[in-house]
Amino acid sequence: MITISVANQKGGEGKTTTSINLAEGLSRRGFKTILLDIDPQGNSSSIYCNTDEIESSMYHLFHKKLKLQNILFETKKENLYLAPSNTKLAEMEVLSSNTVEAPFILRDAMEGSEKF
């Protein structure tokens, strides 16, 4: 499994555009690809689904410690899966700053996702 992270605290830098294009490009080349949307605005998620109808999201992965497989949404694009976000994720900024295990929650949640 190869992991590519697109991150920057400043807004308007093209993180969402870059992430979506990377994910779609890799999936079109036959790579099973997971797009993790960790932005509380959920812009990447809104491309592939109605964020108001999301039952399990990155919020649940962090807060309830669900495994990644339990929140994946299969998009209409072949080989492209989404771990969606919504505005509830904004609560995590406060919660994650209060725990020493915060940096490891995502790593642990990805266990079992080696097929991607």
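Okay, so the sequence shown: first residue is 6 according to the working numbering, each after it adds one.
No residue lacks a Cβ here, since even glycine has one placed at the ideal position from N, Cα and C.
Item                                                                                      : Value
With 16 other Cβ atoms within 10 Å as the buried cut-off, status of Asn55                 : exposed
Selected residue, minimal CA-CA separation from Leu94, among Phe78, Leu41 and Asn75       : Leu41
Contact check, Pro89 vs Ser62, beta carbons under 8 Å                                     : yes
Through-space distance from Met97 to Ile110, alpha-carbon basis                           : 12 Å
Alpha helix (DSSP H) runs wholly inside the region 32–58, at least 4 long, in chain order : 48–53
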